[in-house]
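Just so you know, the sequence shown maps onto residues -2 to 85 in our numbering.
Working notes, structure below.
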Amino acid sequence: MPAYISRVCHLSLLLKETGVQVSDDEYIITITTGLPHLYDPFLISLNMLPDSEYTLANVIVCLNNMESWTTTLTRRVFSCHVTIGVAL
-2 MPAYISRVCH LSLLLKETGV QVSDDEYIIT ITTGLPHLYD PFLISLNMLP
48 DSEYTLANVI VCLNNMESWT TTLTRRVFSC HVTIGVAL
């Protein structure tokens, strides 16, 4: 996820070099539009954030937390399948 976010930020910097201003809302829209369907619950939770918490920095923190949680969950499910001998 950090690489994906860095890529979006890099593209934004390239736009800024040409004189295009990119707002935080445009960053957030660009980042969230490119997410796979696995992140749909995350996107729904973003809509529930109060305006004061709907910032680029907060969205990035929440997104990184979501990725960490998803990675941990996937590892546990895989470990469970291996432990009980279930083929994936």
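We put the beta carbon where it would ideally sit given N, CA and C, even for glycine.
Taking the alpha helix (DSSP H) that residue i falls in, what are its first and last residues?
| i | result |
| --- | --- |
| D22 | D21 to T30 |
| D37 | D37 to N44 |
| V5 | P(-1) to E14 |
Comparing C-alpha positions only, which one of the options sits nearest to residue i?
| i | options | result |
| --- | --- | --- |
| Y24 | L40, M63, V56 and S65 | V56 |
| S37 | A54, H7 and M63 | In the sequence on display, residue 37 carries Asp and not Ser. Comparing Cα positions, the closest option is M63. |
| A0 | G31, E50 and L35 | G31 |
Leaving out the 5 sequence neighbours to the left and right, which residues in its chain are closer than 8 Å to residue i when beta-carbon positions are compared?
| i | result |
| --- | --- |
| T52 | D21 |
Am I right that residue i and residue j are in contact with their C-beta atoms under 8 Å? What's the rounded C-beta distance?
| i | j | result |
| --- | --- | --- |
| V58 | T27 | V58 to T27, Cβ: 17 Å. No contact. |
| Sufficient close CB pairs (3 or more, under 8 Å) joining the stretch 3 to 16 to the stretch 37 to 45 | No: the two stretches stay apart, fewer than three of their Cβ pairs being nearer than 8 Å.
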